[in-house]
Structures are given as C-alpha cells and as structure tokens.
Amino acid sequence: EIVMTQSPATVSVSPGGRATLSCRASQPISTDVAWYQQKRGQAPRLLIYAASTRATDIPARFSGSGSGTDFTLTISSLQSEDSAVYYCQQYNDWPPYTFGQGTKLEIK
Amino acid sequence: QVQLVESGGGVVQPGRSLRLSCVASGFIFTNYAIHWVRQAPGKGLEWVALMSHDGSTKYYADSVKGRFTISRDNSKNTLYLQLSNLRTADTAVYYCARAHSPNKNNWFDPWGQGTLVTVSS
Chain S
27 EIVMTQSPAT VSVSPGGRAT LSCRASQPIS TDVAWYQQKR GQAPRLLIYA ASTRATDIPA
87 RFSGSGSGTD FTLTISSLQS EDSAVYYCQQ YNDWPPYTFG QGTKLEIK
Chain R
9 QVQLVESGGG VVQPGRSLRL SCVASGFIFT NYAIHWVRQA PGKGLEWVAL MSHDGSTKYY
69 ADSVKGRFTI SRDNSKNTLY LQLSNLRTAD TAVYYCARAH SPNKNNWFDP WGQGTLVTVS
129 S
C-alpha cells in the first residue's frame, strides 16, 4: 500500500499571502496525484489532477507541481474562502486508493 | 449537471446491517466506475470500495472486505453499498464519487454530499 504523508498538519497564512502544502508518497507514483479541497461540512472538491492540471473552474491561484514521490500544492493571493482542509490522493497503484491525512489551511 | 446523491444513512446497532444508495444523473452511468469513500468524525478520507463501469470488477479496502458489498443497478443509475456486521469504527460520512474519466480508474470527480452512518448501541 502506498502511504501519502502531508505536511504541515496546519498552516496559518495572512490574506493575500501564499501557502505551500506538501505531500510525499512512500514510493514513486509518477504524476498520478490529485488534490482535493474540503470546507467544513462539505464534500471534497477536486482541485488538481495529474499533479499539476487544474480542474474545471478552479482559479489559477491554485497550482500543483511534483513527480515521483514529492508533490506540492501552492495557493497564492489567499482569500478567506480558501480556509479548508486539503488532501492529496494517489491513483497510481491501487487498490487501495490512498489519501494523505490532510493539511488544514487557516487564513488569519 | 453531473450529480451524485447518497441516501440510506442512519443510526444502527453494532452487528446490524444497512444499505446505502447513490443515485447518479447528468452523465452516462454505464461508462463510469464509481467509488465509496468514508470519513469518520473529525478524521481524514478513507477509500472503501470501487465498482467498475460495467459491474464486472469490484475492489474493497481491507477494513471492510467480507462485510461490505458494492453493487450497481445500471437501469436505475444507482450504486449501492451493503454494510453488514457493522462496527462502531464504521461510523462515518459515506460519500460516493465518480471516476473522472469514462472507462478509466483515475481521480474522483464529482463527489456526492454524503450520508452519515452512526453505529452505536
């Protein structure tokens, strides 16, 4: 089973700033990574797939990068609405599909 | 628009059973694999099960294998998850999620709104 490890667990950034969220896979997974945003009380929403491709209607403030074992989600020009938990997921080697434990983004 | 709507959650005693449903609309149901993913209160996301677009293949997480059964009725555009021999650790919001691409097993998009299953005596 591929283990996905996210860091940090929580990050606090000021409005207008930039957040960098990391995700590491326990073995190489090419670019088979997706990122999801989950706001409180809501279902997850797809942000990024294939490590760096934005999903439909996702603003350019969200960007993904990485390949192999190390991946990054960068959110720039942060807005209060970006407060959420962000999950990475691998779909390279399954079952099982595996998610990271999540990074909570706080806008302060 | 593409939509998934779950139902069937509720409060159930340990050892009992429950069936969840996921009704799909806005796309050709028979072209897509569908997943169940769960989230325990205050915890992260855990993949539970996958059924292929044609129903020929099923996969389960080890934590539910032998207790949960995934199925689909393509005539009703509906995916099911039969939960049996429930444990308190199965308490979670259960989401159905579609594979993004037809006839492929890749990332999940979209997701339903979820249905809460509470296992408690």
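Each protein sequence line maps, in turn, to chains S and R. So for the first sequence, our numbering puts the first residue at 27; every next one is plus one. So for the second sequence, our numbering puts the first residue at 9; every next one is plus one. Idealized CB from N, CA, C, for every residue including glycine. As the structure is a computational prediction, the values presented were derived from the model and not from experiment.
Among the options, nearest to residue i - alpha-carbon criterion
i, options, result
"A84 (chain R)", "R:S109, R:M59 and R:A32", "The residue asked about is misnamed: residue 84 (chain R) is Lys in this sequence, not Ala. The shortest C-alpha separation from K84 (chain R) is found at R:A32."
"S109 (chain S)", "S:D83, S:S78, S:I74 and S:V39", "S:V39"
"M59 (chain R)", "R:G50, R:N82 and R:A48", "R:N82"
"W55 (chain R)", "R:K66, R:Y88, R:P49 and R:H43", "R:H43"
Residues near residue i by beta carbon distance below 7 Å, same chain, minus five either side
i, result
"N111 (chain R)", "N39 and H61"
"R95 (chain R)", "P22 and V127"
"S103 (chain S)", "G42 and R87"
"Y84 (chain S)", "Per the sequence shown, residue 84 (chain S) should be read as Ile rather than Tyr. Result list for I84 (chain S): L73, in chain order."
"V19 (chain R)", "T126 and S128"
Cut-off 8 Å between Cβ atoms - residues of its own chain near residue i, not counting five sequence neighbours on either side
i, result
"T98 (chain S)", "T46, L47, S48, C49, G90, S91 and G92"
"Y123 (chain S)", "Q115, Q116 and Y117"
"W115 (chain R)", "A107 and H108"
Alpha carbon of residue i to alpha carbon of residue j, nearest angstrom
i, j, result
"A97 (chain R)", "V111 (chain S)", "22 Å"
"N118 (chain S)", "L26 (chain R)", "32 Å"
"E27 (chain S)", "A69 (chain R)", "11 Å"
"A105 (chain R)", "V10 (chain R)", "11 Å"
"V72 (chain R)", "V13 (chain R)", "22 Å"
"L131 (chain S)", "S29 (chain R)", "32 Å"
"N113 (chain R)", "V59 (chain S)", "13 Å"
"S33 (chain S)", "G126 (chain S)", "9 Å"
"T36 (chain S)", "I133 (chain S)", "11 Å"
"S106 (chain S)", "K65 (chain S)", "11 Å"
"S109 (chain R)", "L53 (chain R)", "21 Å"
"G50 (chain R)", "G128 (chain S)", "11 Å"
"K66 (chain R)", "I101 (chain S)", "36 Å"
"W120 (chain S)", "S129 (chain R)", "35 Å"
"A41 (chain R)", "W61 (chain S)", "19 Å"
Supposed close pair residue i, residue j - CB separation, criterion 8 Å
i, j, result
"R24 (chain R)", "V101 (chain R)", "Actually they are not in contact, since the Cβ atoms of R24 (chain R) and V101 (chain R) sit about 19 Å apart, beyond 8 Å."
"S56 (chain S)", "V29 (chain S)", "Not a contact, Cβ separation roughly 16 Å."
"G63 (chain R)", "R80 (chain R)", "5 Å"
"T123 (chain R)", "G16 (chain R)", "6 Å"
Own chain residues within Cβ distance below 6 Å of residue i, not counting five before or after
i, result
"G94 (chain S)", "P54"
Report yes or no: do the stretch 116–123 of chain R and the stretch 61–75 of chain S share at least 3 C-beta pairs separated by less than 8 Å?
Segments in contact, yes.
When the Cβ atoms of the stretch 109–129 of chain S are set against those of the stretch 74–93 of chain R, are three or more pairs found closer than 8 Å?
Between the stretch 109–129 of chain S and the stretch 74–93 of chain R there are fewer than three inter-stretch CB-CB distances shorter than 8 Å, so the stretches are not counted as touching.
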